[in-house]
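Let me begin by presenting the structure, written as structure tokens, before commenting on it.
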Amino acid sequence: MKKSFLSRMTDLGKVKDRAAFSDMESRIKKHKYGSDAFMNILESRYSCHAFNHLPVSASKLEMILEAGRMAPSAGNCQPVRIWVVKSEDALARLRTIHPCYNAPVVLIVGCRNEEAWVRESDGVTAAKTDAAIVLTHMMLTATDAGLANMWIWDFDPSKIREILPETKDHGIYGMLAIGHPASHEGNPTKLHDQRKPLEDLVKEL
Ligand SMILES: Cc1cc2nc3c(=O)[nH]c(=O)nc-3n(C[C@H](O)[C@H](O)[C@H](O)COP(=O)(O)O)c2cc1C
Numbered sequence: 261m262k263k264s265f266l267s268r269m270t271d272l273g274k275v276k277d278r279a280a281f282s283d284m285e286s287r288i289k290k291h292k293y294g295s296d297a298f299m300n301i302l303e304s305r306y307s308c309h310a311f312n313h314l315p316v317s318a319s320k321l322e323m324i325l326e327a328g329r330m331a332p333s334a335g336n337c338q339p340v341r342i343w344v345v346k347s348e349d350a351l352a353r354l355r356t357i358h359p360c361y362n363a364p365v366v367l368i369v370g371c372r373n374e375e376a377w378v379r380e381s382d383g384v385t386a387a388k389t390d391a392a393i394v395l396t397h398m399m400l401t402a403t404d405a406g407l408a409n410m411w412i413w414d415f416d417p418s419k420i421r422e423i424l425p426e427t428k429d430h431g432i433y434g435m436l437a438i439g440h441p442a443s444h445e446g447n448p449t450k451l452h453d454q455r456k457p458l459e460d461l462v463k464e465l
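Here the sequence shown stands for residues 261 to 465, numbered as in the numbering used here.
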């Protein structure tokens with residue numbers, strides 16, 4: 261008998277807490293679905309709270325930025341901007357308001373409501389959603405490139421605009437710290453393994 265979508269998901273949850281798609285039976289049997297490479301990226305990503313001094317290569321950084329450029333946006337409005345903080349001077353200024361865990365590269369992601377698609381029904385702009393997609397693309401690409409990374413959101417955006425005036429005409433959405441993990445302190449935290457069970461996350465209607 262054909263199983264319902266939710267019960268398929270629950271079965272898969274036992275395998276690896278993953279969602280299910282209809283054409284993936286053979287991969288499921290191998291305890292994988294979709295592309296193994298992509299799942300490996302998702303599984304190996306974690307928030308790194310301490311970086312060492314090793315630099316990020318120019319080619320990896322370029323690949324990460326290209327991944328941000330490829331991100332979709334509502335109405336293809338592309339309201340997102342990225343500032344690469346990697347010079348000694350800019351890093352020092354940024355660290356006066358957030359330590360950024362000593363990362364050698366920090367990508368500041370900003371957006372402008374004025375440039376974003378606005379939903380007619382309630383007037384909500386897609387700018388922050390678009391920014392989150394850009395950041396996610398870059399986060400996963402950094403992971404794929406073998407780089408540790410950390411999504412930083414707990415800061416005062418107005419202070420960023422103050423210390424890095426190049427950003428002053430944009431809303432500052434978030435930051436992505438990138439680099440190599442410091443031994444021990446740069447390992448995943450306990451929170452990394454804590455996720456709600458699939459039943460709490462998904463409801464079949
Ligand atoms: C939108 C967003 C904002 C976050 N902001 C911060 C932050 O400002 N400081 C911090 O220590 N962690 C931050 N994190 C990391 C989360 O705490 C972390 O993703 C969560 O605890 C799960 O751990 P994991 O990423 O290692 O799987 C943020 C994550 C996301 C997705």
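Here a beta-carbon is modelled for each residue, glycine too, at the ideal position from N, C-alpha and C.
Note the first and the last residue of the continuous beta strand (DSSP E) segment covering residue i.
i	result
Ile432	Gly431 to Gly439
CA-CA distance, residue i and residue j?
i	j	result
Asn312	Trp343	21 Å
Asn300	Pro448	16 Å
Leu424	Leu354	8 Å
Ile393	Ile432	14 Å
Thr403	Ile420	25 Å
Ala327	Glu459	32 Å
Asn336	Trp377	8 Å
Thr389	His452	23 Å
So, are the CB atoms of residue i and residue j less than 8 Å apart?
i	j	result
His309	Met410	yes
Ile368	Met435	yes
Glu375	Pro332	no
Gly225	Leu314	Because residue 225 is not part of the residues shown, which for the chain are 261 to 465, the question remains open.
Per DSSP, which one or two residues make a beta bridge with residue i?
i	result
Asn409	Ser307 and Ile438
Ile368	Trp343 and Met435
For the alpha helix (DSSP H) containing residue i, name the first residue and the last one.
i	result
Val384	Element bounds for Val384: n/a, residue is neither H nor E.
Glu464	Glu464 -> no alpha helix (DSSP H), and no H or E assigned at all.
Ser418	Pro417 to Ile423
For this session: Any chance you could list the beta strand (DSSP E) runs of at least 3 consecutive residues sitting entirely within the stretch 298 to 347, in chain order?
Result: Listed in chain order, they are 340 to 345.
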